[in-house]
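Written out below as structure tokens is the structure these notes cover.
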Amino acid sequence: MPGFKLPAIDQNDEDWGPTTVPEAFRDVPFMPYSKGDRLGRIADFSQQASQRGYQGRYRDREILPGMAVFNFEKGEEDEAFELVDTRVVTYSSSVDIRPEWRVLGDAVPFTSLHKMSSRGHVFATDELVATLMASPRSVYPWDMVVTRRGDLLFLDKRPGSSLDYVTNGETSPDPIPEDRKLLDGLQQLSAEATAVHAAFRAQAYRYRRWALGDIDLVVRCGVDGALGSTEGGAAAAAAPALLAVHAFNEFDPKWSGIDWRSKLENQRGAALATELKNNAAKVAKWTAAALMAGVDVIKLGYVTRASPKSSEAHLLLGTQSVKPADFAAQMNLSMDNAWGIVRALLELCYDTMEEDGTYLLVRDPNKPQLRLYAVPTEASRAKAEAKKEAAEAEAPEAAAAPETPEEE
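For what it's worth, full-length UniProt numbering labels the leading residue of the sequence shown as 1, then goes sequentially.
This is how it looks when you write it as structure tokens:
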């Protein structure tokens, strides 16, 4: 008789449903359902004759979010439209990792930053500290230089670093391709956003200090303006409100799903929500920097292209003012967690940098993790090259030397 072997069954003690996804079904779209649905709605693939009187029983299929996408009917759509798009966009590293660079410790996943438990003085700009705070939300690769001199740490940017540019569409569900030939490629949009952002704001600096345990952090914070009172009396004598000015720029209304020219006046909240979704990392950095600088108001500008086919000319459609603390709460940005991330990374630098020198903190281009590299100095690099040349010079001599016959 043919035998029957009972397949292995995995028990899920913590959740509801299968514990793993078979490789054959990975990245396959599925019909969403909730745990509270009737069994017939989930698993009744066929009906008996006695059940035909209840055909309308499970027709309320739109009560769950996400159901409408499965009731798709083909119509007049753009040629690039796809109902399900499972493309995975990969990005190149922000810096060329050389073989002689030594990795210090293990890679640091973003999920463990708030769990890490320090000493010295650290100097940085608000842009770099805000980048560390918003690193779990980032998608694009970046890197920053960390220099140690005794108990002093200096955070800085490389010349031409990706941190010099303002991103656009970094956290969008529809990723921006890294193609230098496209008008709306990653590098082109970053250069355009940087130019728009620089033209919209002017900056002054104030220096502030924080104590993170036994680490003293000195940060150069940017302030873009001050708003005085137009009223007389005591209101005019009060200190002016400090401003941080930033700009969103629209490059393609079809890509974002909302046309600012026609809907910004009446649907400004929808436009802001779209930017919070598509640029979560960038907006989190702006908000964290504003809170560090102690500004009272963030002024947001909405800038669009004069022509969708050209990235040269732009129009300012409107502005909006928000309070930094309220804006942080709206995007679920906790400054306690943000400062915890900064302290964890600074502690990592102190623990792994055993000697003075230059190091590089790199955000992985395709994985949510950070790596710390020890960059060789000029002296050690020259010494390694001389050693390599000496080894190459000895190799031909060893090959040309005659073999000594063995004595019997």
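For each residue, glycine too, the CB sits at the ideal point set by N, CA and C. Because the structure is a prediction, the values reported are computed rather than measured.
Q. Run through DSSP, which three-state label would F251 get?
A. Looking up residue 251 in the sequence shown gives position 251. Three-state DSSP puts F251 in coil, outside helix and strand.
Q: Please determine if the stretch 210 to 230 and the stretch 134 to 147 are in contact, where contact requires at least 3 C-beta pairs separated by less than 8 Å.
A: Touching, no.
**Q.** Identity of the residue in K285, E355, S256 nearest L132 by Cα
**A.** The residue you call residue 132 lines up with position 132 of the sequence shown. Among K285, E355, S256, the Cα nearest to that of L132 belongs to K285.
Q.
For a quick check, are the C-beta atoms of K282 and A271 less than 8 Å apart?
A. Within the sequence shown, residue 282 is the residue found at index 282, counting from 1. Within the sequence shown, residue 271 is the residue found at index 271, counting from 1. Contact: no.
Q: Look up V166 in the DSSP assignment and say whether it is helix, strand or coil.
A: Residue 166 sits at position 166 when you count from the first residue of the sequence shown. In the structure shown, V166 adopts coil according to DSSP, grouped into three states.
**Q.** Reduced DSSP category for F25 - H, G, I as helix; E, B as strand; rest coil
**A.** Position 25 of the sequence shown holds residue 25. Reduced to three states, the DSSP call for F25 is helix.
Q: Compare the C-alpha of V362 against each of D326, L163, D214, R206 and name the closest.
A: Taking the first residue of the sequence shown as position 1, residue 362 is located at position 362. Considering only D326, L163, D214, R206, the residue with the shortest C-alpha distance to V362 is L163.
Q) By Cβ distance, which residues of its chain are closer than 6 Å to V303, with the 5 residues on each side in sequence left out? A) Here residue 303 is taken as the residue at index 303 of the sequence shown, counted from 1. Once the five neighbours on either side are set aside, the close Cβ partners of V303 are V196, A247, N249, H314, L316.
Q.
Here's the rule I'm using: 16 or more other beta-carbon atoms within 10 Å means buried, otherwise exposed. How should R371 be labelled?
A. The sequence position of residue 371 within the sequence shown is 371, counting from 1. Buried, by the Cβ-count rule.
Q.
What residue range does the beta strand (DSSP E) around M144 cover?
A. Taking the first residue of the sequence shown as position 1, residue 144 is located at position 144. Boundaries of the beta strand (DSSP E) around M144: 143 to 149.
(Q) DSSP three-state label for F4, please. (A) Translated into positions along the sequence shown, residue 4 becomes position 4. Residue state, collapsed to three classes: coil.
(Q) Within 8 Å, do at least three Cβ pairs link the stretch 330 to 343 to the stretch 287 to 303? (A) Yes, they touch.
**Q.** Where S311 falls: helix, strand or coil (DSSP)
**A.** In the sequence shown, the residue the question calls residue 311 occupies position 311. Three-state DSSP puts S311 in a strand.
Q.
Quick check: the stretch 346 to 363 against the stretch 149 to 160, are at least 3 beta-carbon pairs closer than 8 Å?
A. A contact exists between the stretch 149 to 160 and the stretch 346 to 363.
Q | Rounded separation between P136 and K309 - CA only | A | Position 136 of the sequence shown, counting from 1, holds the residue named residue 136. Position 309 of the sequence shown, counting from 1, holds the residue named residue 309. When rounded, the distance between both Cα atoms is 33 Å.
(Q) Runs of 4 residues minimum, wholly inside the stretch 301 to 360: which ones carry the alpha helix (DSSP H) assignment? (A) Secondary structure in the stretch 301 to 360: the alpha helix (DSSP H) runs of 4 residues or longer, each lying completely within the stretch, are 324 to 330, 335 to 352 in chain order.
Q | Where D126 falls: helix, strand or coil (DSSP) | A | If you number the sequence shown from 1, residue 126 lands on position 126. It is helical.
Q. What is the DSSP secondary structure of R208, counted as helix, strand or coil?
A. Translated into the one-based positions of the sequence shown, residue 208 becomes position 208. It is a strand residue.
Q: Please report the Cβ distance between T274 and L300, rounded to the nearest whole angstrom; I am assuming they are in contact, meaning their Cβ atoms lie under 8 Å.
A: As a working mapping, residue 274 is identified with position 274 in the sequence shown. As a working mapping, residue 300 is identified with position 300 in the sequence shown. Incorrect: roughly 13 Å between the Cβ atoms, too far for contact.
Q: Taking 8 Å as the cut-off, decide whether the C-beta atoms of D326 and A241 are in contact.
A: The residue labelled residue 326 in the question sits at position 326 within the sequence shown. The residue labelled residue 241 in the question sits at position 241 within the sequence shown. Cβ distance not < 8 Å, so D326 and A241 don't count as in contact.
Q: Would you mind sorting I176 into buried or exposed? The rule is 16 or more other CB atoms within 10 Å of its CB.
A: Reading the sequence shown from its first residue, position 176 is the one you call residue 176. Answer is buried; the Cβ neighbour count reaches 16.
(Q) According to DSSP, simplified to helix, strand and coil, what is V139? (A) For the purposes of this step, residue 139 is taken as residue 139 along the sequence shown, with counting starting at 1. When DSSP states are grouped into helix, strand and coil, V139 belongs to the coil group.
Q. Taking the beta strand (DSSP E) that Q369 falls in, what are its first and last residues?
A. Here residue 369 refers to the residue found at position 369 of the sequence shown. For Q369, the enclosing beta strand (DSSP E) stretches over residues 369 to 375.
**Q.** Own chain, CB closer than 8 Å to L243, minus 5 neighbours either side, in chain order
**A.** The sequence position of residue 243 within the sequence shown is 243, counting from 1. So the list reads V223, D224, G225, A226, L227, V295, D296, V297, I298, K299, once near-sequence residues are dropped.
Q) For F251 versus E192, is the C-beta distance shorter than 8 Å? A) As a first step, residue 251 is located in the sequence shown; it is residue number 251 there, counting from the start. As a first step, residue 192 is located in the sequence shown; it is residue number 192 there, counting from the start. Yes, Cβ-Cβ distance for F251 and E192 is below 8 Å.
**Q.** Beta carbon of V129 nearer than 8 Å to that of L212
**A.** Along the sequence shown, one-based indexing puts residue 129 at 129. Along the sequence shown, one-based indexing puts residue 212 at 212. No; because the gap between Cβ atoms is not below 8 Å, this pair is not in contact.
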